[in-house]
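Residue numbers (the numbering used here): 5 to 155.
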């Protein structure tokens, strides 16, 4: 089986999963729905085709439940498959654009600090899988980064 790395962006819809060979994007999965329903389906297909060496997942900020479900599923998978699990900020995949929190509130990143701000009439960049993993800033601390807004 071909050895690959996988990127999971689950903090917005649609869920994006990229399969990378030699750090270059080889295969893409784009699926709408709940992370808890579709992440296992996608990985079932991936694991039939590839040997996953590393998984990079967005650990925040964004949908608390998606981050939580993704972390539990991917951490378990990384243990069972003996793969490495890395965390990546969501801002790496949307050109550092604000990320929806709740209502009119958005997470913004400035000087490597994340804050919650109310924004109106905002142009937001969609999340995209990078064509290459060469310049992605990863974190070895793969725990979720729960930046929870006050309700």
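All C-beta atoms in this analysis are idealised placements derived from N, C-alpha and C, irrespective of residue type, glycine included. Keep in mind it's a predicted model, so treat the numbers as computed, not measured.
query                                                                                                                                                             : result
If you run the structure through DSSP and keep just helix, strand and coil, what is residue 36?                                                                   : coil
Taking residue 140 as part of the alpha helix (DSSP H), name the residues at either end of that continuous run.                                                   : Neither: residue 140 is in no alpha helix (DSSP H) and is coded neither H nor E.
Closer than 8 Å by C-beta to residue 172: which residues in its own chain qualify, once you throw out the five before and the five after it? Chain order, please. : This structure does not reach residue 172, given that the chain is present from 5 up to 155, and the question cannot be answered.
State the Cα-Cα distance for the pair residue 16 and residue 122, rounded to the nearest angstrom.                                                                : 19 Å
Under the three-state reduction of DSSP, which class applies to residue 41: helix, strand or coil?                                                                : helix
Report back the beta-carbon spacing between residue 12 and residue 50 to the nearest angstrom; my notes put them in contact at under 8 Å.                         : No, residue 12 and residue 50 are not in contact; Cβ-Cβ is about 10 Å, not under 8 Å.
For residue 22, name the three-state secondary structure that DSSP assigns.                                                                                       : strand
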